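Note sheet for the following structure.
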Amino acid sequence: MGSITLKQVSKRFDDVEVIPPLDLSIEEGEFVVFVGPSGCGKSTLLRLIAGLEDVSGGVIEIDGKDATALPPAKRGLAMVFQSYALYPHMSVRKNIAFPLKMAGLEQSEIDRKVDGAAKVLNLGNYIDRRPGQLSGGQRQRVAIGRAIVREPAAFLFDEPLSNLDAALRGNMRLEISELHNTLETTMVYVTHDQVEAMTMADKIVVLQAGHIEQVGSPLELYRNPRNVFVAGFIGSPAMNLITGAEAAKHDATTIGIRPEHLELTTGEGQWQGTVSVSEHLGSDTFMHIEVDGIGTMTARADGDFPARHGDRIGLTPMPERLHRFDAQGLAMTRNEAAA
Amino acid sequence: MSTTHSRSAAKAMLSPAVILLLLWMIVPLAMTLYFSFLRYNLLSPGTESFTGLSNYKYFLSDPAFFEALGNTLLLVGGVLCITVIGGTLLALLLDQPMFGQGIVRLLFIAPFFVMPTVSALVWKNMFMNPTNGLFAYVAKLFGGTPIDWLGHYPLVSIIMIVAWQWLPFATLILLTALQSLDSEQIEAAEMDGAGSFSRFFHIVVPHLARAGTVVILIQTIFLLSIFAEILVTTNGGPGYASTNIPYLVYAQSLLQFDVGGGSAGGIVAVVLANIVAIFLMHLVGKNLDL
Amino acid sequence: MARQVTLNRRLINTAVAWGFGLLIFFPILWTILTSFKTEAEAIALQPSLFGFEWTLENYEEVNRRSNYPRYFMNSVIIAVGSVLLGLLIAVPAAWAMAFQPSRRTRGILMWMLSTKMLPPVGVLIPIYLIFRDWGLLDSRIGLVFVLTMVNLPIIVWMLFTYFREIPGEILEAARMDGASLKSEIIHVLTPMALPGIASTMLLNIILAWNEAFWTLVLTTTKAAPLTAFIASFSSPEGLFYAKLSAASTMAIAPVLILGWFSQKQLVRGLTFGAVK
């Protein structure tokens, strides 16, 4: 229950092909995250799966059956919208009960399921309040509750945490992950935040301009980005990408090294640079360094590295962590095995 | 959400309104056009005959037509002047801080909600009547002779009545526009050294000009069709002194039973209104952020 | 940044505003007062403002002699009926335009508004003849239909502006929750849009109540609403000012009261959004 397969699915709006034909398969019980910059088509893709938009071409299969022509209600999916889309004129209880009412269940059955969802999400205290009286996080939970209660084959999340403040976001991330562990239902999650993607996903789908750049587990994308785009997108702070003469030295058009994979000394390194800005967080130190002959690079050190504006510093990339990309931006295999 | 399902549902949902309005507009209008080319009198049914453009020739060369056209324009122009100027002044007044503003607004708004036949008759009998009306009373109070408003100045009288009815509309629109004027703009101008008059002319007036244009266009559309007030007070008279195009068409069609001639007149009225409508729709279209 | 307005200035403003306000309101006030006078008092050459003998005889006579209640009911039926019928047609149309916009939506909306600008005399003859031939003259049904058409553009327009303020995602959520289109409109859209629908009804009932062309031309006795009834006073038979005042007061009272609540709707509905 809950496998979704996209075969040559494409979408065009008027004359613009927003999503060229793509293939994707989502396994039962997987937590899949669609991630990418604004306008990459991730939300559109989600809406195609949900049935809120028609595909321009291709087939969408849900649990092996062709669902391409099915209206949203008949696909067995539930969606949590970015703005939660709660019914403002109904109480929390009625909000959650609504899909069951539409399905024509008996009132006693409805009450039982609503109470069940309320317990899982801890909604008991405000079950009779209206959405307008709730905080962002509470509304989020109600939206999830409304989805859970339908016992769908898969959950679809459309940037659910974008409207919350940073602290709340962290908590809700955990709650959603825990929910996935409890329910073991397929979840398809859209976000532009690669931290959410990395922490929550079983499988990440990186999208750009409607193309799937790479599909893989978080660690796979981190260790083996298939191209420059994925390399620069995954990981925070972003990977340092260097072109020109220095890259040519490694037989590549572009080389990449993550800030955390640079060994730093006050003395000599493979590269020399001057610190322009250093950020001391206590747990880490991030430095922005003007590196001779290369340009600006970001480096990360554990703990409190004693670097100030103007200091000279030596940087040495860990050789097994150096990524090489060809003229098309594709990753070239490394000579040594990955660490 | 945009699927073939939802889009075809939308088409189905729109069709009743579109079809009904289409029928309401096209069918009668086409019939009017058709009739305007016939010699057709309701008193002698069955003797209709095609007569080309002669109804139009008759209608447009009839002195009654020119008087009606002139009266129509005078009515519209007169009411517009009073309501736009008066409305602006009243809007400026109502925008000032005062006590009991809510109630004053209600007093100003009221005339718009009085049905035209009531307001026309109230004015005709209780104010303008040369014997028993209040105007007569006031005139006599000051030693003058009472004026027979509707008898001697029928068009002016009707202008007064209609202006009284529409003043609230203009005031309300202009007041709404005025209150949407960002006070910071005015304060900035003050800081820049602009005096009261200067502030008024350079900031307030341009802002109001937009709303004023809307008022003028919308009122014109409705004023071109003034009917009830004339029917109930002067019946277009004396002679044709207070007849406008709508009343002329009505009189010809339903009083003289000349359907052919009346239809030609109706088409003329439609053309007039269309000219104004084009300007209005252009303005509406600019504001419709679709 | 609020400024201290001098008390003097406030008082002057108040005096001037109230002065003009009462001046403009005076005809209505006078009508109401006259309705409580005797006919003799009403045409007295020395009219008095308040110092007369108040009487209810005019109201009694109007109600008794002229079958006033029937005209009142006709007005109610025609006004409310045409607005309800209009809503029935307009709600789906406004839904389609607000939530499923297409390239043609703008054009269709503007066209609908433009039909309101058609001068009634342009279609007077055909409508009259059709009504005559189909036995619809002097019928409430006929008038309800005509007034529905006359006000439909405004009803659609107003509902459209109110619907647009509702987030489309909520309706999508309803679809995902399994709601059919009908359920979506009944259970989600309408409750959320209720204030807007009420405002639309308010303004259009007022406009229909006061409509003074078709109600005059298409009715004679049976279906005549108050506009036509009052119009019949235009040929005076003897003393009648006080009775006219009583009839008028009763005719305008409902809408005056409704109108006082509908100023915002007036701006919204009648300026087609060209003024915010």
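Residue numbers (this note's numbering), protein chains in the order written: chain S, 6 to 344; chain P, 119 to 408; chain B, 1438 to 1713.
Ideal Cβ positions, reconstructed from N, Cα and C, are used throughout, including at glycine.
Please read all numbers here as calculations on a predicted model, not as lab measurements.
Nearest-angstrom Cα separation, counted from residue j out to residue i
{"i": "S:H328", "j": "B:A1630", "result": "57 Å"}
{"i": "B:P1632", "j": "S:Y92", "result": "16 Å"}
{"i": "B:L1608", "j": "S:K99", "result": "16 Å"}
{"i": "S:Q199", "j": "S:R313", "result": "29 Å"}
{"i": "B:S1620", "j": "S:I115", "result": "18 Å"}
{"i": "P:L321", "j": "P:V333", "result": "Here residue 321 of chain P turns out to be Ile, not Leu, going by the sequence shown. About 19 Å."}
{"i": "B:I1562", "j": "B:A1649", "result": "17 Å"}
{"i": "S:M337", "j": "S:N245", "result": "17 Å"}
{"i": "B:T1585", "j": "B:I1603", "result": "26 Å"}
{"i": "P:P324", "j": "P:I203", "result": "15 Å"}
{"i": "S:H216", "j": "P:L138", "result": "47 Å"}
{"i": "P:L252", "j": "P:L296", "result": "35 Å"}
{"i": "S:L169", "j": "S:F86", "result": "13 Å"}
{"i": "B:A1610", "j": "S:D120", "result": "21 Å"}
{"i": "P:W267", "j": "P:M244", "result": "12 Å"}
{"i": "S:V296", "j": "S:M302", "result": "7 Å"}
{"i": "S:M205", "j": "S:L11", "result": "22 Å"}
{"i": "P:M278", "j": "P:P229", "result": "12 Å"}
{"i": "S:V23", "j": "P:S126", "result": "23 Å"}
{"i": "S:A343", "j": "B:A1616", "result": "Confidence in S:A343 is poor, its pLDDT being 41 and thus under 50, which makes the residue's placement unreliable; the coordinate value appears in the next sentence. For S:A343 and B:A1616, the distance between alpha carbons rounds to 52 Å."}
{"i": "B:M1438", "j": "P:E305", "result": "Residue placement at B:M1438 is poorly supported in this model, since its pLDDT is 42, which falls under 50; the coordinates still yield a value, given next. Straight-line Cα distance between these residues: approximately 9 Å."}
{"i": "S:P5", "j": "B:R1612", "result": "Lying before the first or after the last residue shown, residue 5 of chain S is absent from chain S, which here runs from 6 to 344."}
{"i": "P:A312", "j": "P:S301", "result": "14 Å"}
{"i": "P:A395", "j": "S:R144", "result": "48 Å"}
{"i": "P:A391", "j": "B:P1590", "result": "17 Å"}
{"i": "B:W1548", "j": "P:T121", "result": "26 Å"}
Proximity winner among the options, relative to residue i (alpha-carbon distances)
{"i": "S:N63", "options": "S:P26, S:Y194 and S:R98", "result": "Per the sequence presented here, residue 63 of chain S reads as Gly, with Asn not at that position. The candidate whose alpha carbon is nearest that of S:G63 is S:P26."}
{"i": "S:G308", "options": "S:G287, S:L82, S:G7 and S:G34", "result": "S:G287"}
{"i": "P:M131", "options": "B:T1598, B:W1532 and B:M1638", "result": "B:W1532"}
{"i": "B:T1637", "options": "B:V1499, B:Y1678, B:T1656 and B:F1698", "result": "B:F1698"}
{"i": "P:T331", "options": "P:I348, P:I277 and P:T201", "result": "P:T201"}
{"i": "S:G221", "options": "S:D207, S:V233, S:Q213 and S:N232", "result": "S:D207"}
{"i": "S:V37", "options": "S:T270, S:L57, S:R144 and S:F162", "result": "S:F162"}
{"i": "B:L1695", "options": "B:T1652, B:N1504, B:A1635 and B:T1598", "result": "B:A1635"}
{"i": "S:H94", "options": "B:L1525, B:E1498, B:V1625 and B:T1656", "result": "B:V1625"}
{"i": "P:R70", "options": "P:M143, P:K175 and P:I144", "result": "Coverage of chain P is limited to positions 119 through 408, which leaves residue 70 of chain P absent and any answer about it impossible."}
{"i": "P:I221", "options": "B:A1452, B:L1653 and B:L1703", "result": "B:A1452"}
{"i": "S:E251", "options": "S:V40, S:S96, S:S48 and S:F330", "result": "S:F330"}
Cβ-based neighbour list, residue i, same chain, cut-off 6 Å, excluding 5 preceding and 5 following
{"i": "P:I227", "result": "P286"}
{"i": "P:L293", "result": "A209 and L212"}
Close Cβ partners of residue i (< 7 Å) along its chain, the five nearest in sequence each way excluded
{"i": "B:Q1700", "result": "none"}
{"i": "S:E189", "result": "G34"}
{"i": "S:R4", "result": "This structure cannot speak to residue 4 of chain S, because chain S is shown only from 6 to 344."}
In DSSP terms, what residue i is bridged to
{"i": "S:E66", "result": "S:T10 and S:D71"}
{"i": "S:W276", "result": "S:L320"}
{"i": "P:S416", "result": "No statement about residue 416 of chain P is possible, as the shown extent of chain P runs from 119 to 408 and does not include it."}
{"i": "S:H285", "result": "S:T290"}
{"i": "S:S30", "result": "S:T10"}
{"i": "S:G300", "result": "S:V296"}
{"i": "P:K175", "result": "In the DSSP output, where bridge partners are listed per residue, P:K175 has none listed."}
{"i": "S:I51", "result": "One detail in the question is off: residue 51 of chain S reads as Leu in this sequence, not Ile. Its beta-bridge partners do not exist; DSSP assigns none."}
{"i": "S:A83", "result": "S:F160"}
Cutoff 8 Å; reference residue i; Cβ partners in own chain excluding five residues on either side
{"i": "S:E341", "result": "The pLDDT assigned to S:E341 is 41, lower than 50, so where the model puts this residue is not dependable; a value taken from the coordinates is nonetheless given after this. Excluding residues within five positions, the ones whose Cβ falls inside 8 Å are P324 and E325."}
{"i": "P:L151", "result": "S381 and I385"}
{"i": "S:V211", "result": "V40, G41, I217, E218, Q219, V220, L226, F234, V235, F238 and I239"}
Proximity test, Cβ basis, 9 Å: residue i and chain C
{"i": "S:L82", "result": "In the structure shown, chain C cannot be found, because the protein chains are S, P and B."}
Worksheet entry | Near-chain S residues of the region 1581 to 1611 of chain B (beta-carbon distance less than 8 Å), N- to C-terminal order | P1604, E1606, I1607, E1609, A1610 and A1611
Practice prompt. Residues of the region 1625 to 1653 of chain B with a CB closer than 8 Å to any CB of chain P: list them in chain order, please.
Written response: I1643, W1646, N1647, A1649, F1650 and L1653
Worksheet item: Of all the residues that make up the region 156 to 189 of chain P, which are near chain B by a beta-carbon distance shorter than 7 Å?
Response: none
Worksheet item: Taking any Cβ of chain P, which residues in the region 1673 to 1700 of chain B have a Cβ under 8 Å from it, in chain order?
Response: P1673, Y1678, L1681, S1682, S1685, A1688, I1689, V1692, L1693, L1695, G1696, W1697 and Q1700
Practice prompt. May I ask you to list, following chain order, the residues of the region 1550 to 1567 of chain B that have a beta carbon less than 9 Å from some beta carbon of chain P?
Written response: L1550, S1551, T1552, K1553, M1554, L1555, P1556, P1557, V1558, G1559, V1560, L1561, I1562, P1563, I1564, Y1565, L1566 and I1567
Item to complete: Quick one: which residues of the region 290 to 302 of chain P get their C-beta closer than 7 Å to a C-beta of chain B? List them in chain order.
Response: L290, I291, T294, A295 and S298
Item to complete: Determine which residues of the region 1496 to 1528 of chain B have a Cβ less than 8 Å from any Cβ of chain P, and write them out in chain order.
Response: I1526 and A1527
Worksheet item: If contact means a Cβ-Cβ distance below 8 Å, which residues of the region 1456 to 1472 of chain B contact chain P?
Response: F1457, G1458, L1459, I1461, F1462, P1464, I1465, W1467, T1468 and T1471
Worksheet entry | Within 7 Å of chain S by C-beta, residues of the region 119 to 131 of chain P in sequence order | M119, S120, T121, T122 and H123
Item to complete: Below 7 Å between beta carbons is the criterion; list the residues of the region 89 to 109 of chain S that meet it against any residue of chain B, in chain order.
Response: A90, Y92, P93, H94, F103, P104, M107 and A108
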